[in-house]
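Visitor: Using our numbering, read the first sequence as starting at 125 and increasing by one per residue. First, the structure itself, so that you have it in front of you.
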Amino acid sequence: MSNDPTNQTALMEKIVSLCKRRGFIYQSSEIYGGCGGVWDYGPLGAELKRNLRDAWWTTMTRQREDVLGLDACILMNPSIWKASGHVDTFADLMRECTLTNKRVRADHVDPQDGVVHSYSGAGEKAQWDLIFRAINGEESANDVLKEQAELSARYDELIASGDTWAEQKKVTLENKGYTPQKISILVPPGKPKESADKIALEFYRAQGLKDPVLNYAGAKKVEGSVDFHPETGGALGPARPFNLMLKTYLGPTATEDDITYLRPETAQAIFAQFKNVFDSSRVKVPFGICQIGKAFRNEVTPKNFTFRSREFEQMELEFFIKPDEAVEIICGEVAAWSEGANLEEPQPNWGWQMWHRYWVQERTRFYQNIGLGDVLEYYWQTNEDLAHYARACVDILCEFPFGTEELEGIAARGEFDLSQHQKHSGKNLEVFDEDLKNASAKLTPEQKEAYIQKRLAAEAAKTKGEPMPEADVRAWFERLFKGNYVPHVIEPSAGLDRMALAIIAKAFCEEQKADVNGKVESRTYLRFHPRVAPIKVGVFPLLKNKPELVAKAREVYQMLKKHMNCFYDETAAIGRRYARQDEVGTPFGVTIDFETLGEKGPELEDTVTLRHRDGGEQERVKIADLLPKLLAAIG
RNA sequence: GCGGGUGUAGUUCAAUGGUAGAACACGAGCUUCCCAAGCUUGAUACGUGAGUUCGAUUCUCAUCACCCGCUCCA
125 MSNDPTNQTA
135 LMEKIVSLCK
145 RRGFIYQSSE
155 IYGGCGGVWD
165 YGPLGAELKR
175 NLRDAWWTTM
185 TRQREDVLGL
195 DACILMNPSI
205 WKASGHVDTF
215 ADLMRECTLT
225 NKRVRADHVD
235 PQDGVVHSYS
245 GAGEKAQWDL
255 IFRAINGEES
265 ANDVLKEQAE
275 LSARYDELIA
285 SGDTWAEQKK
295 VTLENKGYTP
305 QKISILVPPG
315 KPKESADKIA
325 LEFYRAQGLK
335 DPVLNYAGAK
345 KVEGSVDFHP
355 ETGGALGPAR
365 PFNLMLKTYL
375 GPTATEDDIT
385 YLRPETAQAI
395 FAQFKNVFDS
405 SRVKVPFGIC
415 QIGKAFRNEV
425 TPKNFTFRSR
435 EFEQMELEFF
445 IKPDEAVEII
455 CGEVAAWSEG
465 ANLEEPQPNW
475 GWQMWHRYWV
485 QERTRFYQNI
495 GLGDVLEYYW
505 QTNEDLAHYA
515 RACVDILCEF
525 PFGTEELEGI
535 AARGEFDLSQ
545 HQKHSGKNLE
555 VFDEDLKNAS
565 AKLTPEQKEA
575 YIQKRLAAEA
585 AKTKGEPMPE
595 ADVRAWFERL
605 FKGNYVPHVI
615 EPSAGLDRMA
625 LAIIAKAFCE
635 EQKADVNGKV
645 ESRTYLRFHP
655 RVAPIKVGVF
665 PLLKNKPELV
675 AKAREVYQML
685 KKHMNCFYDE
695 TAAIGRRYAR
705 QDEVGTPFGV
715 TIDFETLGEK
725 GPELEDTVTL
735 RHRDGGEQER
745 VKIADLLPKL
755 LAAIG
């Protein structure tokens, strides 16, 4: 892909257009003028999404022994969102700079000292000169002002007769060449008034004045003020709650007490149901619980097509592991990760680091299997990026026409989530580990103390968050030595809609091609991996006016349809039918012709043309061989 | 939420203060048709709501959506 932004925008527009035209993705509620930040999937989009969803579900749980599925509700007890931190962190009070509209968190403004310069507005220089000349009795200027006054009087009459529209017009007339907007700018102590003037002039120019004349309203010293933007110096507007949670009422009374939220992520349900799954499924740590489902966020700026939507679908795994201390007590050591470490088969001595790397590899393999292998990038979050409870987080990024953006995050989150829910719910979410209990029983008091000291040193060395108090550390180890702990978690969390968009963007391909008449046309096709393609094969009789051809083609279609999504098409020229399927990414086409019927000799009877999408190459295949051949390609 | 841009058939683009047009796509028909062929033929649009006007797709205002920035991390 080229890096020219105009081309990239044009490319994205082509993709959006194709998606709509061929039934992948439509704008939500389009006949009513749309609905911001939500999108619907048409017939082919639904198939594509289902293929991706199934691929994820199969790889993540059905083909594994150690991951279980869950399907939890979107609505939950609102306490869950207090425990997870979403109600607090998703509902910051924000203030906007009145000059630049830059937002800051209301509680993140440091007190500032300085001088505040105020302006009560600004006028257009030319307009002011006019007024000045009118005062001096220059006739031409008078005419202009007289005309304005007459118009103004006429509007007054209209307003008196109840015309609300005239009111608007009068305001526009009076404000012509003048902006009455008041602004205040804070400059640091010692800086001259001119620096404020400069900012003010820039502001009024942005308001539409060509050559503004400032209406200065005076200066004032302030100390310890939190009412100005720390970077721009502009006065901050009122604090407004900025809530990314979608609120709703559970129950018909719709009172304050009934408020709950549409989940902003699917993961919390997994934590909330952790104990139930654990108790009802005869599993042992390490094991995972995965879930696919809708999540909702009141995004400030939904953008880039479906990439950032307000309603979206997530595919999340919470993989629960033992704390490293437990691994060390049981195995005598924790496997250290190094470049090239063997991650193929999970080992009992793996700590969080190995498990985290393991899941990065597993997820990478998944993306390779659906044809995204060569467009992935990785971003390892730095210590500063990480949340205080996170140990590590890798973003799997993908190249989109609008930039390289995140597809999936794989975080090592320690025991934070389950501990939070344990704390807020008052329910014990520990697991009991017999191996750990037995191994701990063999430790000497000195060895136990050594573990505690090692942890205390680690807590003291923390650069983020509060270190755990010694008493808590000792209490934690006391439970651990008895075999009890809250599992730690590795969280690979992927966006299904993003994945679908990535697949479409990656597959999109445009070529210049001359048709049979030599006219150059652009040929658009989607190079989906056969595994994810919404339609696997198109079946075409060469001509539709020959009942034998049609009957044979229907027969082949019915046979294939039992095993895969296929499409029967008998209209238009054969080339056109191929082209239509190319555009929706169908990897194979099967054409039934007169040779199939045995007209060109018995050796070609019951053979068909199998045509491949990407190169357009054709091969002659026996109908009996068709199904196994196609199944092998899409499996 | 703020600033800038856009809004006409499915798509891409025209024109216009009085009736909206093309290309491609789509439907039907003919054709021994293997890469958007040809011929015949058909259906489909001024984002929404107000205002100015005798009359608005066109001018004005509002609203909604999308795109580009501020934002952000599924």
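Using N, Cα and C, we set each Cβ at its ideal position, and we do this for glycine too. On a predicted model such as this, the values are computed, not experimentally measured, just so you know.
Tell me the rounded alpha-carbon separation between Asn-131 and Gln-397.
Guide: Going from the Cα of Asn-131 to the Cα of Gln-397 covers about 47 Å.
Visitor: Short of 6 Å in beta carbon distance, which residues of its chain neighbour Pro-167, apart from the five on each side in sequence? Order them along the chain.
Guide: Only Gly-147 meet the Cβ criterion.
Visitor: Look at the Cβ atom of Gly-497, then the Cβ atom of Tyr-503, and state whether they are nearer than 8 Å.
Guide: No. Outside cutoff.
Visitor: Taking the straight line between their C-alpha atoms, what separation do you get for Ala-574 and Leu-604?
Guide: The straight-line gap from Cα to Cα measures roughly 14 Å.
Visitor: Among the candidates Arg-434, Pro-447, Gln-415 and Val-484, whose CA atom is the shortest distance from the CA of Leu-441?
Guide: It is Gln-415.
Visitor: Using only CA atoms, which one of Arg-700, Asp-541, Arg-647 and Glu-529 lies nearest to Ala-393?
Guide: Comparing Cα-Cα distances from Ala-393 to each of Arg-700, Asp-541, Arg-647 and Glu-529, the minimum goes to Asp-541.
Visitor: For Ile-204, which residues in the same chain have their Cβ closer than 6 Å to its Cβ, ignoring the five residues on either side in sequence?
Guide: Within the same chain, Ile-204 has close Cβ partners Gln-392 and Ala-396.
Visitor: Excluding the 5 residues preceding and the 5 following Thr-372 in the sequence, name in chain order all residues of the same chain whose CB lies nearer than 8 Å to its CB.
Guide: Same-chain partners within the cutoff: Leu-199, Ile-383, Thr-384, Tyr-385 and Leu-386.
Visitor: Can you round the beta-carbon distance between Thr-161 and Pro-235 to whole angstroms, since I take them to be within the 8 Å contact cut?
Guide: One detail in the question is off: residue 161 reads as Gly in this sequence, not Thr. About 37 Å; that fails the 8 Å criterion.
Visitor: What does a CB cutoff of less than 6 Å around Phe-524 pick up in its chain, not counting 5 residues either side in sequence?
Guide: Within the same chain, Phe-524 has close Cβ partners Ala-629.
Visitor: According to the neighbour-count rule (16 or more other Cβ atoms, all chains shown, within 10 Å of its Cβ), is Glu-664 buried or exposed?
Guide: Per the sequence presented here, residue 664 reads as Phe, with Glu not at that position. It counts as buried.
Visitor: Just curious, the beta strand (DSSP E) that Ala-599 is in, first and last residue?
Guide: Careful: Ala-599 lies outside any beta strand (DSSP E), inside the alpha helix (DSSP H) at 594–605.
Visitor: Report yes if the CB atom of Asp-706 is closer than 8 Å to the CB atom of Arg-655, and no otherwise.
Guide: Contact: no.
Visitor: Nearest to Lys-768 by CA position, among His-687, Asn-466 and Pro-611, is which residue?
Guide: A question about residue 768 goes unanswered here, because the residues of the chain that appear run from 125 up to 759.
Visitor: By how many angstroms is the C-alpha of Leu-580 removed from the C-alpha of Ala-112?
Guide: The chain is shown from 125 up to 759; residue 112 falls before or after that span and cannot be answered.
Visitor: Would you list the one or two residues that DSSP bridges to Phe-352?
Guide: In DSSP, Phe-352 forms a bridge with Ala-359.
Visitor: Can you tell me where the alpha helix (DSSP H) holding His-548 begins and where it ends?
Guide: That run of the alpha helix (DSSP H) goes 540–549.
Visitor: In the stretch 385–453, which residue ranges form an unbroken beta strand (DSSP E) of at least 3 residues, counting only runs that do not cross its ends?
Guide: Correct list: 411–420 and 435–445.
Visitor: Out of curiosity, what's the CA-to-CA distance linking Phe-420 and Asp-621?
Guide: Using only the alpha carbons, I get a separation of about 13 Å.
Visitor: What residues match up with Gln-636 in a beta bridge as DSSP calls it?
Guide: DSSP output for Gln-636 lists Ser-646 as bridge partner(s).
Visitor: Which whole-angstrom value is the C-beta distance of Gly-759 and Gly-713, which I expect to be below 8 Å?
Guide: About 19 Å separates the two Cβ atoms, so there is no contact after all.
Visitor: Are the CB atoms of Arg-537 and Val-613 nearer to each other than 8 Å?
Guide: Their beta carbons are under 8 Å apart, which means Arg-537 touches Val-613 by this criterion.
Visitor: How many Å lie between His-548 and Ala-134 at the Cα?
Guide: The straight-line gap from Cα to Cα measures roughly 50 Å.
Visitor: Over what stretch of residues does the alpha helix (DSSP H) that includes Lys-173 continue unbroken?
Guide: Residues 167–181.
Visitor: When burial is assigned at 16 or more other CB atoms within 10 Å of the CB, is Glu-449 buried or exposed?
Guide: So Glu-449 ends up on the buried side.
Visitor: How big is the Cα-Cα spacing for Glu-318 and Asn-507?
Guide: Cα to Cα, Glu-318 sits roughly 41 Å from Asn-507.
Visitor: Using a threshold of 8 Å, state whether the C-beta atoms of Lys-588 and His-480 are closer than that.
Guide: Taking 8 Å as the Cβ cut-off, Lys-588 and His-480 do not qualify as a contacting pair.
Visitor: Whose CA, out of Lys-138, Asn-201, Ile-453 and Lys-315, lies closest to the CA of Thr-568?
Guide: Of Lys-138, Asn-201, Ile-453 and Lys-315, the residue nearest in Cα terms is Ile-453.
Visitor: For Glu-741 and Arg-735, what's the separation of their Cα atoms in angstroms?
Guide: Going by the C-alpha atoms only, they are around 6 Å apart.
Visitor: What did DSSP end up calling Ile-698 once you bin it into helix, strand or coil?
Guide: Helix.
Visitor: What would DSSP say about Gly-497, mapped onto helix, strand or coil?
Guide: If DSSP states are grouped into helix, strand and coil, Gly-497 belongs with the helices.
Visitor: CB Asn-339 to CB Gly-238, shorter than 8 Å?
Guide: No, they are not a contact pair.
Visitor: Considering only their Cβ atoms, is the gap separating Pro-658 from Asn-689 smaller than 8 Å?
Guide: Against a cut-off of 8 Å, the Cβ pair of Pro-658 and Asn-689 comes out as a contact.
Visitor: Can you grab the Cα-Cα spacing for the pair Gly-357 / Asp-335, in whole Å?
Guide: If I take the Cα positions, the gap works out to 23 Å.
Visitor: Using DSSP with H/G/I as helix, E/B as strand and the rest coil, what is Ile-139?
Guide: Correct three-state label for Ile-139: helix.
Visitor: I think Ile-716 touches Lys-660, with their Cβ atoms under 8 Å apart; what is that distance to the nearest whole Å?
Guide: So it is not a contact: roughly 17 Å between Cβ atoms.
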